[in-house]
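Residue numbers (the working numbering): 11 to 490.
A virtual CB, placed ideally from N, CA and C, is assigned to each residue, including glycine.
This structure is a prediction, so every number in the text was calculated from the model and none was measured.
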Amino acid sequence: MESREKEFKVDKFKNFSEWYLKVLEKAEIIDDRYDIKGFYVHMPWAMFVLDKLYSIWEKGLEKKNHQKISLPILIPEDLFKKEKEHVKGFNPEIFWVTEAGDNKLERRLGLRPTSETAFHKMYSLWIRSYKDLPMRCYQSCSVFRYETKMTKPLIRLREFMWIEAHTAHPSKESALNQIKEDTEITKKVYEYLGIPFMFFKRPEWDKFSGADFSVAADSILPDGKRFQLPSTHYLSQEFAKAFDVTFEDENEEKKHVYLTSYGPPISRTFAAMISIFGDNKGLRLPFNLAPIQVVIVPIPKEGEKENILKYCNKIKEKLSNYRVKIDESEVTPGEKFNLWELKGVPIRIEVGSREMNNNELTVARRDKSDRTKLKLEEIEKIKEMGEELSENLKKEAKEWFAEKIDYAENLDELKKKIKNGFVKIPFCSRDKEGESCAERIKEIGEIAGTLYPEEEKPKGKRCPLCGKEAKVYVYACRSY
Ligand SMILES: [Zn+2]
Numbered sequence: 011m012e013s014r015e016k017e018f019k020v021d022k023f024k025n026f027s028e029w030y031l032k033v034l035e036k037a038e039i040i041d042d043r044y045d046i047k048g049f050y051v052h053m054p055w056a057m058f059v060l061d062k063l064y065s066i067w068e069k070g071l072e073k074k075n076h077q078k079i080s081l082p083i084l085i086p087e088d089l090f091k092k093e094k095e096h097v098k099g100f101n102p103e104i105f106w107v108t109e110a111g112d113n114k115l116e117r118r119l120g121l122r123p124t125s126e127t128a129f130h131k132m133y134s135l136w137i138r139s140y141k142d143l144p145m146r147c148y149q150s151c152s153v154f155r156y157e158t159k160m161t162k163p164l165i166r167l168r169e170f171m172w173i174e175a176h177t178a179h180p181s182k183e184s185a186l187n188q189i190k191e192d193t194e195i196t197k198k199v200y201e202y203l204g205i206p207f208m209f210f211k212r213p214e215w216d217k218f219s220g221a222d223f224s225v226a227a228d229s230i231l232p233d234g235k236r237f238q239l240p241s242t243h244y245l246s247q248e249f250a251k252a253f254d255v256t257f258e259d260e261n262e263e264k265k266h267v268y269l270t271s272y273g274p275p276i277s278r279t280f281a282a283m284i285s286i287f288g289d290n291k292g293l294r295l296p297f298n299l300a301p302i303q304v305v306i307v308p309i310p311k312e313g314e315k316e317n318i319l320k321y322c323n324k325i326k327e328k329l330s331n332y333r334v335k336i337d338e339s340e341v342t343p344g345e346k347f348n349l350w351e352l353k354g355v356p357i358r359i360e361v362g363s364r365e366m367n368n369n370e371l372t373v374a375r376r377d378k379s380d381r382t383k384l385k386l387e388e389i390e391k392i393k394e395m396g397e398e399l400s401e402n403l404k405k406e407a408k409e410w411f412a413e414k415i416d417y418a419e420n421l422d423e424l425k426k427k428i429k430n431g432f433v434k435i436p437f438c439s440r441d442k443e444g445e446s447c448a449e450r451i452k453e454i455g456e457i458a459g460t461l462y463p464e465e466e467k468p469k470g471k472r473c474p475l476c477g478k479e480a481k482v483y484v485y486a487c488r489s490y
């Protein structure tokens, strides 16, 4: 994995797209040479972080009483067709398996683009009584969608990693409460990771196929485009009727359940971390998520190598609670610094003869340009420094995001400001009748939705597109 050159010189804010692809290549996150469009190879550095993200989210779900299951990757066509709106929305994106060996299959099998249908099939068998409810199951898996737009690793791809959590409830109230709980999980995870976002209720014309309404967390990437993170869908009873998911209530009356689904995106969360935290030297990873948290770089003078390495190992032993690497490779210290900065290692320790003779270490934090001297007995301060780095990444991201939200009341202003990020505008309606106004700004962007929970309604404002009285504030943006 050392075969590709490490040089790295692109400005993140001037040319985000090129910066992003360079980081993925040079930091050995993704190898895009597998040669099926939209399918990528995730390298060890990526898989370490992705596994961590899975585990953070799974813990969040399990705390809220979700149970893990695993469903088949294939969904038979007849099952998929049971909910009409759903199949209409997803049909163009499904990969179909039609043959096995020399045999043509009797029915087409789709590679799951999402698993509502598979979950609901099983829920129709598992749920009998109100005592079984709420039922909350999730799976951690890849899903497959035939993206026709330009693909980009971790951002827009044909196979991506996510979690899907599906719940069944005895009442509308219980299902709506689940939507709230899902947004709380999202909030907790992103506050922990430091990824800034806003919740939007999607407009009627942009909700999930088959849902009553959808709530999504959107962030922004450095090019000012909206980046959708997890979404939660209130599916009401449509799927329950299509799949005959029923239960007997306390009075032995048979009723349809109310369903929700929630999709934490693992690939996209990593993409947001890379894009928002990274700088022109490469990745910057939070202390708890970095595959290597501390790298020790020996800088021996002639004849000192053995003793310096001994001292490096002594340091490593004292840091046995952390993921530490001593870089003994045969390149210059400068090249080592560049490589580990590129890969986003939070803490670097430099060890030369002065450090060795004085029982000291020279420590550099990935997000700062100065260095600190520590006595060997103060080595536990490394933990503090790592945590300070994580907090600083969060703070920088939060401040940056705050500048990405603006306000406009007319089309000219909107056109100018939308290049920067979200623009709040008064708008005629988030229901079907607002769609034609959304169509009219298609050239410059789209409508992310209304804030969730709701903010105050506009008073005496007009929709800048149709001139009608504005019923809501919506947020317009350019989008991935
Ligand atoms: Zn309008």
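Going by DSSP, which residues form a beta bridge with residue i?
i: D61; result: BP columns for D61 are empty, so no partner.
i: Y200; result: BP columns for Y200 are empty, so no partner.
i: G459; result: Y485
i: R278; result: DSSP lists no partner for R278.
i: I230; result: R236
i: W172; result: C151 and P275
i: T372; result: E360 and K383
i: F257; result: K265
i: R166; result: K162
i: W499; result: Lying before the first or after the last residue shown, residue 499 is absent from the chain, which here runs from 11 to 490.
Do you know whose CA, among the options, lies nearest residue i's CA?
i: T161; options: L384, K32, D42 and G477; result: D42
i: D61; options: A128, V33 and S150; result: S150
i: P343; options: K353, G362 and Y332; result: G362
i: L93; options: E248, K197 and F218; result: The sequence as given places Glu at residue 93; Leu does not occur at that position. Answer by Cα proximity: E248.
i: G288; options: I325, I302, E260 and L352; result: L352
i: Y133; options: K159, E95, Y268 and R166; result: Y268
i: K467; options: C487, I457 and E479; result: E479
i: E423; options: P54, L475 and I284; result: L475
i: F58; options: Y50, I39 and K251; result: I39
i: S181; options: A252, T256, A227 and F223; result: T256
i: M366; options: K427, I309, Y483 and G459; result: I309
i: F237; options: Y417, I284 and N261; result: I284
i: G10; options: K78, K159 and I336; result: What the structure shows of the chain is the stretch from 11 to 490, and residue 10 is not part of that stretch, so it cannot be assessed.
i: E387; options: E413, K471, K442 and E327; result: E327
What residues in its chain sit with their C-beta under 7 Å from that of residue i, if we drop five residues either side in the sequence?
i: G444; result: P213, F437 and C438
i: L63; result: I276, T279 and F280
i: K383; result: E370 and T372
i: M395; result: I357, V373 and R375
i: I189; result: V225, T242, Y244 and T270
i: Y44; result: Y50 and V51
i: D228; result: F207, M208, F210, R236, F237, Q238, L239 and A458
In angstroms with no decimal places, state the Cα-to-Cα distance between residue i and residue j.
i: K408; j: N402; result: 10 Å
i: R122; j: I318; result: 54 Å
i: V304; j: S139; result: 53 Å
i: K217; j: S246; result: 13 Å
i: K98; j: R381; result: 58 Å
i: K19; j: L295; result: 19 Å
i: E35; j: G292; result: 11 Å
i: F411; j: F207; result: 8 Å
i: L143; j: P163; result: 39 Å
i: K9; j: L115; result: There is no way to answer for residue 9, as the model of the chain reaches only from 11 to 490.
i: S219; j: T124; result: 11 Å
i: I137; j: A185; result: 16 Å
i: L461; j: E345; result: 47 Å
i: R488; j: I165; result: 15 Å
i: V355; j: L399; result: 11 Å
i: I306; j: T108; result: 54 Å
i: F432; j: K315; result: 55 Å
i: L84; j: G120; result: 5 Å
i: I457; j: N420; result: 15 Å
i: C322; j: I336; result: 7 Å
i: H266; j: L81; result: 23 Å
i: F100; j: R155; result: 8 Å
i: I286; j: K427; result: 20 Å
i: F105; j: E169; result: 11 Å
Whose C-beta lies closer than 6 Å to the C-beta of residue i among residues of the same chain, with five residues either side of it excluded?
i: R146; result: N75, H76 and T177
i: F23; result: P232
i: E87; result: R117 and R118
i: V482; result: F437, R440 and T460
i: S27; result: none
i: R14; result: For R14, the pLDDT reaches just 48, beneath the cut-off of 50, and the residue's location in the model is therefore unreliable, although a value from the coordinates is still provided. Same-chain partners within the cutoff: there are none.
i: R450; result: L475
In chain order, what residues of the same chain have a beta carbon less than 8 Å from the beta carbon of residue i, not counting five sequence neighbours either side?
i: E397; result: F297
i: E191; result: K74
i: E12; result: At E12, the pLDDT of 49 sits below 50, so the modelled position is not reliable and the matter cannot be decided from this model.
i: E338; result: P308 and L319
Looking at chain C, is there any beta carbon in it that lies within less than 7 Å of the beta carbon of residue i?
i: A56; result: No chain C is part of this structure, which consists of one protein chain only.
Around ligand 1, what residues have a beta-carbon under 5 Å from a heavy atom of it, in chain order? C438, C447, C473, L475 and C476
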